[in-house]
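S.K.: Going by numbering that gives the first Met the number 0, the sequence shown opens with residue 0, and the numbers climb by one from there.
My structure is below; once you've seen it, I'll send some questions.
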Amino acid sequence: MVRLLVVEDDETIGQALRASLAAHGHEVEWVVTGQGALERAEGRTFDLVLLDLGLPDLDGVAVCRELRTGQPEAVLVILTARDEEMDVIIGLEAGADDYLTKPVRLAELHARIRAHLRRGDAQSASVGSGRTVLGDLVVDTASRRVTVGGTELALRAKEFELLARLAAEPGAAVSRETLMSEVWDEHWFGPTKTLDVHVATLRRRLASAMDAAVLPTIVTLRGHGYRLDLPPSR
Ligand code: CA
């Protein structure tokens, strides 16, 4: 059974989320404050946390950061009102894996949860098993390790899978649809910037990995998707 923590101070939204998630067979705990979330997360681990950023007591981003540290394996999805794009970016930088804008469409919420919790073997298989060396970057799908100049780069599950998928075909354009279906879920639907924010995080992690590292570049292909360009030769 999937264990979920819902952090939402709005009673109507919180109740609707809890009811819908429970109806899908998930075990749900619902708290209405940031402090409540941190206390709940101390005692047990959750598979996924839905976190409203606008909380009555604590700063939602700070709660996000603490949850990330305390629950490294949990998928953190932030809930935000429309047009609060800065919040989304800050939340993702604080360790969230994804975000949903309010009003939350329940069908989309369930699709996202399914996509995030579909981890491990199935996805490793979709990117094959092998070792790709691109300049200083080594992507090893068998061990799920990425190194830059011999130093391991800590990536979250979806960041790794995204990089591995792009690295499987260096220099080839990969469509958004392909990335969404292979890295997330074939039933993923609706507009989402989740792919783009994962790419942005990946770029940032690669850029901060090592001074003067020779690395491939993730190129944005407008209206299509992304391409991992080979690094320049030394
Ligand atoms: Ca709120």
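In this text, a Cβ means the ideal position worked out from N, Cα and C, and glycines have one as well.
Give me the pocket residues for ligand 1, defined as CB within less than 7 Å of any heavy atom, sorted by chain position.
M.R.: Taking each Cβ in turn, the ones that pass are 7, 8, 9, 51, 53, 54.
S.K.: In chain order, what residues of the same chain lie with their CB nearer than 7 Å to the CB of residue 86, ignoring the 5 residues before and after it?
M.R.: Position 87 of the sequence shown, counted from the first residue, corresponds to residue 86. 52, 79, listed in sequence order.
S.K.: Any contact of the stretch 172-184 with the stretch 65-77, i.e. 3+ C-beta pairs under 8 Å?
M.R.: no
S.K.: Should residue 97 go down as buried or exposed, given a rule of 16 or more other Cβ atoms within 10 Å for buried?
M.R.: Position 98 of the sequence shown, counted from the first residue, corresponds to residue 97. Buried.
S.K.: With DSSP collapsed to three states, give me the class of residue 157.
M.R.: Against the sequence shown, residue 157 aligns to sequence position 158. If DSSP states are grouped into helix, strand and coil, residue 157 belongs with the helices.
S.K.: Hey, residue 139 and residue 212: beta-carbon distance below 8 Å or not?
M.R.: Position 140 of the sequence shown, counted from the start, is the residue given in the question as residue 139. Position 213 of the sequence shown, counted from the start, is the residue given in the question as residue 212. Result no, Cβ atoms of residue 139 and residue 212 do not sit closer than 8 Å.
S.K.: DSSP three-state label for residue 152, please.
M.R.: Working through the sequence shown from its first residue, we reach residue 152 at position 153. Coil.
S.K.: Which residue from 192, 163, 185, 194 puts its Cα closest to that of residue 227?
M.R.: Looking up residue 227 in the sequence shown gives position 228. The shortest C-alpha separation from residue 227 is found at 163.
S.K.: So, for residue 94: in the same chain, excluding its five sequence neighbours on each side, which residues have a beta-carbon less than 7 Å away from its beta-carbon?
M.R.: On the sequence shown, position 95 is the one that residue 94 refers to. Once the five neighbours on either side are set aside, the close Cβ partners of residue 94 are 63, 64, 67, 75.
S.K.: Note down the Cα distance separating residue 229 from residue 4, rounded to an integer number of angstroms.
M.R.: For the purposes of this step, residue 229 is taken as residue 230 along the sequence shown, with counting starting at 1. For the purposes of this step, residue 4 is taken as residue 5 along the sequence shown, with counting starting at 1. One C-alpha to the other measures close to 41 Å.
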